[in-house]
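In what follows, a single structure is set out as structure tokens and then discussed.
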Amino acid sequence: MEFKEEFLQKLKSAGSVVFFTGAGISAESGIPTFRGNEGLWKKFRPEELANFDAFIRNPGLVWEWYQYRRKIVEEAQPNAGHFAIAEMENYFDNVSVITQNIDNLHARAGSTKIYELHGNIERNYCIDCKTYYTHEELESSGSAPECRLCGGLIRPDVVWFGEPLPQNIFSAAENVARNSDICFVVGTSAVVYPAAYIPGAAKSGGSYLVEINIEPTELSYRVDYSIIGKSGEILPQILEKVKKLKNR
Ligand code: BJW
Ligand code: ZN
């Protein structure tokens, strides 16, 4: 595909690059997105599953839903989009990934600087004493497991609606976005706050905003360059351009 000249110039001179990603980047790995016709929220109601009150009302149901999704994630592999982002680290001074995803696929693809805004499905913690547990440490049964130390309920380490994001991670992410030369916004509907403030933070710091999505979003009219296409196809093409432009 032909990219616009202004974008190629930015790629050539950029030192610090940020990838702000959402569920769309993992869609080609077979992990369902949230919104849209095939999205999770078409089949499951977020208010019954993705908030703390729902967990307290019915811990077993919420736990089982996350067990089901954890299995999908475990069986999935990073795709060409995740790998292209990881490889960008060889060509720019600074590459950061700010992700809303909980699937750990950026890390599995080899990215090293990752800000997880909404947690990680591989971790769990006790709601009372905050002790962390890996899945291997938990016995699998139908209901939510209980803490060995205090008997409290164990929940997945993800951020539900109405809960604060990990403050230090969010602030650090805002900072790297603000100080970036290019900020790619990849596979997100950009409607969930405060994560959706990240592109604005980048823009306010003078970063060049590039959106990659299969369709226009709320953000499209505010970005410098909107590329319509699958991230697993577009990102490897951008990487090829970067390799040539950086002459390495
Ligand atoms: C492709 C593709 C391909 C497909 N290639 N592209 C301001 C205004 C309005 C509301 C609020 C506000 N501030 C806060 C709120 C409330 C709320 C919120 O934002 N609600 C809106 C939805 C209206 N926010 C919160 O509650 C947050 N907490 C909070 O504000 O706390 C305040 C507080 C402070 C102090 C004390 C106490 C409280 C928390 C939000 C947590 C979100 N959690 C979830 C679930 C995580 C766990 C789980 O996975 O179960 O995070 S919701 C869900 O949405 C998930 C995602 O990370 C997040 C974003 O979704 P994403 O990634 O954008 O996915 P989709 O499906 O929406 O989009 C996919 C895109 O990919 C689409 O555009 C496709 O076209 C595209 N695509 N295939 C490229 N191959
Ligand atoms: Zn405990």
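Each residue of the sequence shown is one higher than the one before, counting from 43 in the working numbering.
All C-beta atoms in this analysis are idealised placements derived from N, C-alpha and C, irrespective of residue type, glycine included.
As the structure is a computational prediction, the values presented were derived from the model and not from experiment.
Beta carbon of residue i nearer than 8 angstroms to that of residue j
| i | j | result |
| --- | --- | --- |
| lysine 52 | isoleucine 224 | yes |
| glutamate 205 | isoleucine 196 | no |
| valine 228 | glycine 78 | no |
| asparagine 162 | asparagine 146 | yes |
| phenylalanine 62 | alanine 219 | yes |
| alanine 232 | alanine 238 | yes |
| asparagine 143 | glycine 64 | yes |
| glycine 242 | isoleucine 256 | no |
Extent of the continuous alpha helix (DSSP H) to which residue i belongs
| i | result |
| --- | --- |
| tyrosine 110 | 101-117 |
| phenylalanine 76 | Premise fails: phenylalanine 76 is in no alpha helix (DSSP H) and is neither H nor E. |
| glycine 123 | 122-129 |
| arginine 220 | 209-220 |
| serine 153 | Where serine 153 is concerned, there is no enclosing alpha helix (DSSP H), given that its DSSP letter is neither H nor E. |
| glycine 66 | 66-69 |
| leucine 91 | 88-91 |
| leucine 53 | 47-55 |
| leucine 82 | 82-85 |
Limits of the beta strand (DSSP E) - the one that residue i falls within
| i | result |
| --- | --- |
| leucine 281 | Unbroken run through leucine 281 is the alpha helix (DSSP H), 273-287; no beta strand (DSSP E). |
| arginine 197 | 196-200 |
| serine 58 | 58-63 |
| isoleucine 144 | Unbroken run through isoleucine 144: none, as it is neither H nor E. |
Status (buried if at least 16 other CB within 10 Å, exposed otherwise) for residue i
| i | result |
| --- | --- |
| leucine 159 | buried |
| serine 71 | buried |
| serine 183 | exposed |
| methionine 43 | exposed |
| tyrosine 157 | buried |
| glutamate 216 | buried |
| valine 284 | buried |
| glutamate 253 | buried |
| asparagine 166 | buried |
| arginine 87 | exposed |
| threonine 230 | buried |
| arginine 111 | buried |
| proline 120 | buried |
| tyrosine 108 | buried |
| proline 258 | exposed |
| phenylalanine 212 | buried |
>> At 3 residues or longer, what runs of the beta strand (DSSP E) sit wholly inside the segment 157-188?
In response: Runs of the beta strand (DSSP E) inside the segment 157-188: 161-168, 174-176.
>> Please give me, in chain order, every unbroken run of the beta strand (DSSP E) with length at least 3 that falls completely inside the segment 224-268.
In response: 224-228, 250-255
> What residues come near the ligand ZN, if near means a beta carbon less than 6 angstroms from any of its heavy atoms?
Replying inline: Cys168, Asp170, Cys171, Thr173, Cys189, Leu191, Cys192, Gly194
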